[in-house]
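Structure, rendered in structure tokens:
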């Protein structure tokens, strides 16, 4: 009975859901460090997106609050206890290679394209209308349901930490920021940086001018380039062919010298096997070229030798796995070299039963001979919620009832807000067997999937607060 009522409401709202999601995607809510201040802690576009979604909640007659531009929430229901739904409005940079405008929200063949369509603006829109469906149906509830809206999920989750300092935590809840059925375990996340200064100046012959690649450490880079002056481009072309890299490394001549352009395949850093790392392609190829600056050359050769084209850390001596969450992954996400300094930024996802401090110790040992500075930029401990928890059982019941599929408990390498709040798990939006499109070019959400998750979320939220 209740399921039918809520389903009809989502169907009734669906045209508005699509229209508002397109408008939401129009706001390029990417972190802008250069324009942050007290009013815009993560930049004006993220703040614009936060104010936009809170205004939508107000227009629906729902309680909304802006938490000092770090976060916000939209709430229904009553009672002393609150169930949380944890989403985020910040998105990673669009990157290159899209077939459509990444911030237009274009619809083609039943799919709504745009950065954030599946990660995480589409799911947020589905949850917002799920709350509206429950409220408009005047169903009896004993708890509150709060859509907690973060603004910095992609770059450190400073938003959710601030929210928890200022507002009450939920008693339980879920995040629509991963996969169905239910994610009850998340790998530990370790991000570190290697930097090294080079004292040598240019020498006669070939000289490395710079290396650039990657946009974010949590994205498998699909492009990287190196500029080398004084090198024989024909010899480099020959090496490219010899290594079978035609189509992956290209040459372009410029006033600075020869530009080597490596092309890979973008993917989320938690699934590096779904992509192909352009930085690793380039660094491995650079080991075959003799250029000036012995320190830089030695550093590049050593790093490339320790990484190879691996994404499991085997050569580094950090590979490991467990039955709950699978194998460790490592992604070299960003490289920035010039003639005086080199920097490499890495993202590791390690199994839930492994001690992250052991990983750190092994990394230091592996890189000890490089003479480089080793800096931990971020360390998030793993998440694990016991399978028999009551709210998980309720989510499993809803999922099975509405899809007919077995509500298996899964683990992921990705990180969500759940690791910061007790008794929360990830619940959708990606269905089993679907391709992971988060952080990739031509990200989209199928319209019928958007409708379906709206119905699932409405029923799930009601089950948790009735």
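Residue numbers (the numbering used here): 585 to 1050.
Where is the CB? At the ideal position from N, CA and C, for every residue including glycine.
Remember, it's a predicted structure, so these values are computed and weren't measured experimentally.
Test item: CB-CB of residue 955 and residue 763 under 8 Å | For the 8 Å CB-CB criterion, residue 955 and residue 763 do not form a contact.
Note the first and the last residue of the continuous alpha helix (DSSP H) segment covering residue 586.
-> 586-609
In three-state terms, what does DSSP make of residue 1036?
-> DSSP places residue 1036 in the helix class (H, G or I) of the three-state scheme.
Just how far apart, CA to CA, sit residue 659 and residue 679?
-> Looking at the two C-alpha atoms, the distance is approximately 34 Å.
Start-to-end residues for the beta strand (DSSP E) that takes in residue 1002 | Residue 1002 -> no beta strand (DSSP E), and no H or E assigned at all.
How is residue 620 classed by DSSP in three states: helix, strand or coil?
-> coil
Give the secondary structure of residue 654 by DSSP, where H, G and I count as helix, E and B as strand, and everything else as coil.
-> coil
Just confirm the distance between the C-beta atoms of residue 809 and residue 846, as a whole number of angstroms; I'd bet it's less than 8 Å.
-> 7 Å
Close Cβ partners of residue 611 (< 7 Å) along its chain, the five nearest in sequence each way excluded = Answer for residue 611: 629, 632, 633 and 636, listed in chain order.
Rounded Cβ spacing between residue 744 and residue 853 (contact assumed at less than 8 Å) | The pair is not a contact, with the Cβ atoms about 19 Å apart (cut-off 8 Å).
Within 10 angstroms of its Cβ, does residue 591 collect 16 or more other Cβ (buried), or is it exposed?
-> buried
What alpha helix (DSSP H) runs, 4 residues minimum, are completely inside the region 801-843?
-> 817-826
Stretch-stretch touch, CB-based, cutoff 8 Å, three pairs: the region 728-736 with the region 955-975 = Too few Cβ pairs lie closer than 8 Å, so no.
Ignoring anything shorter than 4 residues or poking outside the region 898-977, list the alpha helix (DSSP H) runs there in chain order.
-> 940-951
For residue 1045, I'd like the list of residues in its chain whose CB is within less than 8 Å of its CB, leaving aside the five on either flank, ordered along the chain.
-> 667, 669, 711, 714, 715, 718 and 729
Could you tell me how far apart the beta carbons of residue 993 and residue 758 are, in whole angstroms, since I believe they sit closer than 8 Å?
-> Not quite, the Cβ-Cβ distance comes to about 13 Å (not below 8 Å), so this is no contact.
For residue 776, which option in 792, 755 and 916 has the closest C-alpha, if you only look at C-alpha atoms?
-> Cα-wise, what sits closest to residue 776 is 916.
For residue 894, name the three-state secondary structure that DSSP assigns.
-> coil
Span separating the alpha-carbon of residue 880 from that of residue 1007 | 48 Å
Identify which residue in 1003, 1015, 596 and 1050 has its Cα closest to the Cα of residue 748.
-> 1003
Have a look at residue 614 and residue 597 and give me their C-alpha separation to the nearest angstrom.
-> 28 Å
State the Cα-Cα distance for the pair residue 1057 and residue 866, rounded to the nearest angstrom.
-> Outside the displayed range of the chain (585 to 1050) lies residue 1057, so it cannot be described from this structure.
Using alpha carbons as the reference points, say which of 830, 738 and 791 lies closest to residue 811.
-> 791
Rounded straight-line distance, which links the Cα of residue 1049 to that of residue 975 = 10 Å
Using 10 angstroms around the beta-carbon of residue 913, count the other beta-carbons present and answer buried if the total reaches 16, otherwise exposed.
-> buried
CB contact flag (residue 1009, residue 982, <8 Å) | no
Between the region 765-773 and the region 923-940, do three or more beta carbon pairs fall short of 8 Å?
-> yes
Using a Cβ-Cβ cut-off of 6 Å (strictly less than) and excluding sequence neighbours within five positions of residue 1037, which residues of its own chain qualify?
-> 710, 1012 and 1013
Strand pairing of residue 1041, partner residues [DSSP] | None, per the DSSP bridge assignment.
So what does DSSP say about residue 735, is it helix, strand or coil?
-> Three-state DSSP puts residue 735 in coil, outside helix and strand.
Looking at the structure shown, is residue 1021 part of a helix, part of a strand, or coil, going by DSSP?
-> coil
Would DSSP call residue 729 helix, strand or coil?
-> strand
Start and end residues, beta strand (DSSP E) containing residue 861 | Careful: residue 861 lies outside any beta strand (DSSP E) and carries neither H nor E.
Using three-state DSSP, classify residue 644 as helix, strand or coil.
-> coil
Separation of residue 924 from residue 796, as counted between CA atoms = Distance between residue 796 and residue 924, taken at the CA atoms: about 14 Å.
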